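Notes follow once the structure below has been shown.
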Amino acid sequence: MSPSFLLLLLIPIIPLSLLAILSLIVRPKPIRIPIKSRHVFITGGSSGIGLALAHRAASEGARVSILARSPQKLEEAKQSIKLATGVEVAIFSADVRDYDAVSKAVEESGPIDVLIVNQGVFTARELEKHSVEDVRFTIEVNLVGSFNVIKAALPRMKGREGRGPGSISLVSSQAGQVGVYGYAAYSASKFGLQGLAQSLQQEVVADDIHVTLVFPPDTDTPGFEEEQKSRPEVTAIIAASSGSMKTEEVARRAMNGIKAGKFTVSCNFEGFLLSLATTGMSPQRSFWLAFLEVITAGPIRLVALFFQWDWYNAIEKWSKTKNK
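Sequential numbering of the sequence shown, starting at 121, is according to the numbering used here.
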């Protein structure tokens, strides 16, 4: 048998062997999360992605509760969901920074099967121009607020005997995967969700609770529309390369990912590449995706370097124009 023939035999054996190994070691194991006839609790549910998720959950037969700060927006959301789906959702007014208020709302809503932590605030501004109060507000709502919601809901979620697998989903952002000019405070708050999600999954998997981390791109929400008015010029240049998505499409992809029990949910192709590039120590239930992550690690890093080259090139050009 010639050496070249042996080499040809080895070519398929190596990837097949890797697939076999990965099929044995990927954890947690695959899971399906039912939505119909279950209690779905969504924070930030009065507008944007949260409202779109509430519409989708209601249309799929869930019992839906939404929490937000504004009673008026909550009432408007309640009416829009009822008009569209015929489902009466429960509404709770609370600030996620207030643990006692969140705990009261969670208690009143009843045992939660699927918790979607979606609230978020952001302002695109260079850190030097951010007030200390703005930075603190961003981190308290996006990160500390997420701790408050999950901590309030966990005890009763763990006690859901006979109710099937539970889910805790955190809506992050592509700015929670890669830092972007003008997003220092926002990115820091959203990067924090990754550490929270990874640690939390280890803590709750034995209770049949499964964590999902959603990474939407720029999305056409009221908050995004407002943010565009004041974002730095460089931020706008960088963001223009990826475009934005509709809330309904982001909600559809997010809900599909939650039901599939995915740890990481990307909403577009660019987000998928970012997930491959930044997967790190994230859990992976699919051995096929784990295989893709392993074999593309080098090439994807090259793609990431091209993205960085493009962004820093834009910053350099802007800087030269600014200093003329």
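We put the CB at the ideal spot given by N, CA and C, even for glycine. In this text, all values refer to a predicted model and were calculated from it rather than measured experimentally.
Looking at the DSSP output, S287 bridges to V234, H330. Three or more beta-carbon pairs separated by less than 8 Å link the stretch 134-142 to the stretch 406-414, which places the two stretches in contact. When DSSP reads this structure, I211 sits in a beta bridge with I186. For H175, the uninterrupted alpha helix (DSSP H) segment begins and ends at 168-179. Secondary structure at I162: strand, using DSSP grouped into helix, strand and coil. In the DSSP annotation of this structure, V354 is not part of any beta strand (DSSP E); the continuous alpha helix (DSSP H) holding it starts and ends at 353-360. Per the C-alpha coordinates, the member of I151, D327, G165, Q404 positioned closest to V237 is G165.
Taking N262 as the centre and dropping the five residues before and after it, the same chain places the C-beta of G240, V241, S309, K310 closer than 7 Å to its C-beta, in chain order. Going by beta carbons, T332 and S289 fall inside the 8 Å limit. In this structure, A221 and H175 do not form a Cβ contact; the two beta carbons are roughly 25 Å apart against a cut-off of 8 Å.
In terms of Cα proximity to D340, the closest of F257, A371, G181, R405 is A371. Per the C-alpha coordinates, the member of V325, L173, V291 positioned closest to K149 is V325. Judged by beta-carbon spacing, P352 lies within the 8 Å limit of R245, meaning their Cβ atoms are closer than that value.
Check the Cα spacing between W438 and each of Q428, A273, I357: the tightest is with I357. Taking the CA atoms as reference points, P419 sits about 20 Å from Q404.
Taking 8 Å as the cut-off, the beta carbon of S287 is found no closer than this to the beta carbon of G296. Counting along the chain, no beta strand (DSSP E) covers V226; the unbroken alpha helix (DSSP H) around it starts and ends at 219-229. Looking at S251, V334, D254, V216, the one whose alpha-carbon comes closest to that of L187 is V216. Note on geometry: alpha-carbon atoms of A272 and N433 lie some 45 Å from one another.
If you draw a straight line from the Cα of T355 to the Cα of L144, it is about 43 Å long. Looking at the backbone, the Cα of V226 and that of G279 are separated by about 14 Å.
Remark: C-beta atoms of L194 and S213 approach each other more closely than 8 Å.
The beta carbons of D327 and R283 sit no closer together than 8 Å. Counted as a single uninterrupted DSSP element, the stretch harbouring S200 is not any beta strand (DSSP E) but the alpha helix (DSSP H) occupying residues 191-205.
For a cut-off of 8 Å, the C-beta gap from I155 to A172 is around 15 Å, too long to register as a contact.
Apart from sequence neighbours up to five positions away, the residues of its chain that approach S190 with a beta-carbon distance below 8 Å are S166, S213, ordered along the chain. Straight-line spacing of the CA atoms in A397 and V291 works out to 19 Å.
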